[in-house]
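Taking it in order: structure first as structure tokens, then the write-up.
Residue numbers (my numbering): 2 to 204.
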């Protein structure tokens, strides 16, 4: 019973402003390009605080059209946004290899001041051949799973989950379908834990 009550208290402790629209919610859209042509890739966007405590803001799979849209919010302790792009744009590769071998990554930091100047809607294309690339295995794979872990196991992630879920479901100016399996995994993990606690109390 104590476990269930504790979990309920944690849920109630989330401030009501988690469920309010924040003007600092932002959108970044653009096109991934390699040698001037649209290209496939994977993008993760994090708030760039500390190496071990970054928060995953959004993650998208980019199709051959190269077009992407990223959504996030400005955290109180965040100074910059970091965009990590996995792609295949390296010197000497054919177009087919570029599209099929997504095994390097590049990073692009964006300051919050830049978002402010563009009214929180930034259009940013990425020409990958001009960006420094690194092998994505194993660093990015480990980093991505670490971000997933933080989202399902930290108290701060609870606010993150509710803020993202509620904001994206609202018919506001910047709107998008609930995007990711990541979000759903995090959200239902906490629901599952709550149900388990209730079950233990009853039986």
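Virtual Cβ for every residue (Gly too), placed ideally from N, Cα, C.
{"Check": "In the DSSP output, which residue or residues are listed as bridge partners for residue 136?", "Outcome": "105"}
{"Check": "Indicate whether residue 88 and residue 107 have their beta-carbon atoms separated by less than 8 Å.", "Outcome": "yes"}
{"Check": "Below 7 Å CB to CB, which residues in the same chain sit around residue 69 once its five sequence neighbours on both sides are set aside?", "Outcome": "30, 31, 33, 44, 61, 63"}
{"Check": "On the three-state DSSP scale, how would you describe residue 110?", "Outcome": "strand"}
{"Check": "Could you tell me whether the stretch 85 to 101 touches the stretch 126 to 136, where touching means 3 or more Cβ pairs closer than 8 Å?", "Outcome": "yes"}
{"Check": "Considering only DSSP beta bridges, list what residue 83 is partnered with.", "Outcome": "47, 110"}
{"Check": "Kindly indicate which three-state DSSP category residue 33 falls into: helix, strand or coil?", "Outcome": "strand"}
{"Check": "Starting from the C-beta of residue 112, find all residues in its chain whose C-beta is less than 6 Å away, skip the five residues before and the five after it, and write them out in chain order.", "Outcome": "81"}
{"Check": "Would you list the residues sitting across from residue 122 in a DSSP beta bridge?", "Outcome": "28"}
{"Check": "Within this structure, are the beta carbons of residue 72 and residue 28 separated by less than 8 Å?", "Outcome": "yes"}
{"Check": "Going straight from the alpha carbon of residue 140 to that of residue 55, what length do you get?", "Outcome": "15 Å"}
{"Check": "Rounding to the nearest angstrom, what Cα-Cα distance links residue 26 and residue 99 in this structure?", "Outcome": "33 Å"}
{"Check": "Excluding sequence positions up to five away, which residues of its chain have a Cβ less than 7 Å from the Cβ of residue 16?", "Outcome": "In this prediction, residue 16 has a pLDDT of 40, which is less than 50 and means its spatial position is unreliable; what the coordinates show is noted afterwards. Hits under 7 Å: none found."}
{"Check": "Could you spell out where the beta strand (DSSP E) holding residue 59 opens and where it closes?", "Outcome": "56 to 63"}
{"Check": "Nearest to residue 84 by CA position, among 95, 126, 94, is which residue?", "Outcome": "126"}
{"Check": "When the Cα of residue 42 is compared with those of 49, 57, 66, 58, which residue comes out closest?", "Outcome": "66"}
{"Check": "Rank 138, 147, 97, 136 by C-alpha distance to the C-alpha of residue 38 and give the top, closest one.", "Outcome": "97"}
{"Check": "Taking the straight line between their C-alpha atoms, what separation do you get for residue 137 and residue 57?", "Outcome": "17 Å"}
{"Check": "Between which residues of its own chain and residue 175 is the CB-CB distance below 6 Å, once the five residues before and five after are set aside?", "Outcome": "Confidence at residue 175 is low in this model, with a pLDDT of 40, below 50, so its placement is unreliable and no value can be given for it."}
{"Check": "Measure from the alpha carbon of residue 121 to the alpha carbon of each residue in 109, 105, 110, 75, then state which is nearest.", "Outcome": "75"}
{"Check": "Would you identify the three-state DSSP class for residue 176, choosing helix, strand or coil?", "Outcome": "Summary for residue 176: the model assigns pLDDT 38, below 50, so the residue's position carries little reliability, and this model does not support an answer."}
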